[in-house]
Each structure stands twice: as structure tokens, then as C-alpha cells.
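If you read the sequence shown in the numbering used here, its first letter stands for residue 1, the second for the next number, and so on.
The structure under discussion appears below in the form of C-alpha cells.
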Amino acid sequence: MVQIHLSAAIISLVLGAWQLIAARGGVRHRVVGRVWVLAMAVTAISSFGITGKLGWTWLGGYSWIHGLSLWILISLTMAVRAARRRVFAAHKGWMVGSYAGLVSAGVFAALPPGRVVGHWLRATLPIWLPGA
């Protein structure tokens, strides 16, 4: 499950950055946006299959990051709904917020000691991370 989650998160990170930088509207924006929404949904849904010692035992090992995953699914729904209704300011707000949530969750999920991604990053990029 971790491999699916991490793969979808990396795709979401790259495509989301592209969408924020590239020109809005047009076929390319819509196609990349649909793939991004799918990758984000896979990232969020797959997170529910990942629990551990950093989660609350009374919640089955789930943590605040899982709450963010639920919020991401809601915000993606709202973003797509706004785009279909052609309310582009709301669409942009939901999408930028979703991307910020992805980046925030990635940082806070990877950096604490004991996390697989954090361990890999510290071993691979020791100069860039504090405490490496």
C-alpha cells in the first residue's frame, strides 16, 4: 500500500506543480487536471491503508494526516464541481488548497523519525535535511 500511496503522491506533486505554473484553460489543462485529481484521490484513499505507531491507538492507528486525506477528498470534489459550474475562482482556490495540503502532509509525514520516507530521504540527501 505504501508503494501505491507514494507513487500517486509523487505523480500528484509533479502534475500539481505543472498545473500551477502552466497556462490555464484548454484541453491540456483539463487532461492534466483530470489525471492530477485521480492521482490525488488515489493518494488520499491509499493513506487509509497505512496506519502505524504514530497514529492514535484508540483510532486504530489513524492520525491527523488521515483527517487531511478525508479533507482532500472533499476539496477535490468541490474543485471539480466548481470547474463544471464554471466558477473558476472557487475552482482555483480548492485546487491550490488541495496542492498545499499535499505538500504539507508530505513534509509532516516524512520528517518525523521512524517514517520510511523520512529515513530514505535522510540516507539519500543528508546535506539537505536537518538532523541527518
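Think of the CB as a built atom: it goes at the ideal place given N, C-alpha and C, for glycine as much as any other residue.
Leaving out five residues before and five after residue i in sequence, what residues of the same chain have Cβ atoms less than 8 Å from its Cβ?
{"i": "isoleucine 45", "result": "Ser69, Leu73"}
{"i": "leucine 15", "result": "Val32, Val35, Trp36, Ala39"}
{"i": "phenylalanine 108", "result": "Ile65"}
{"i": "tryptophan 94", "result": "Ser75, Leu76, Met78, Ala79, Ala82"}
CB-CB under 7 Å to residue i, same chain, minus the five flanking residues each way: which ones, in chain order?
{"i": "histidine 66", "result": "Ser47, Phe48"}
{"i": "leucine 111", "result": "Gly118"}
Check whether the Cβ atoms of residue i and residue j lie closer than 8 Å to each other.
{"i": "serine 135", "j": "threonine 43", "result": "Past the edges of the chain, shown from 1 to 132, lies residue 135, and the structure says nothing about it."}
{"i": "alanine 17", "j": "glycine 106", "result": "no"}
Thinking C-alpha only, which one of the options is nearest residue i?
{"i": "tryptophan 71", "options": "Gly60, Arg85, Leu102", "result": "Leu102"}
{"i": "histidine 91", "options": "Arg24, Thr124, Val107, Leu111", "result": "Arg24"}
{"i": "alanine 100", "options": "Met1, Thr124, Leu20", "result": "Leu20"}
{"i": "methionine 78", "options": "Leu59, Arg28, Ser98", "result": "Ser98"}
{"i": "glycine 26", "options": "Ala83, His5, Gly114, Ile4", "result": "Ala83"}
{"i": "glutamine 3", "options": "His29, Arg30, Arg28, Ile50", "result": "Ile50"}
Would you list, in sequence order, the uninterrupted beta strand (DSSP E) runs of no fewer than 3 residues that lie entirely inside the region 6-61? none
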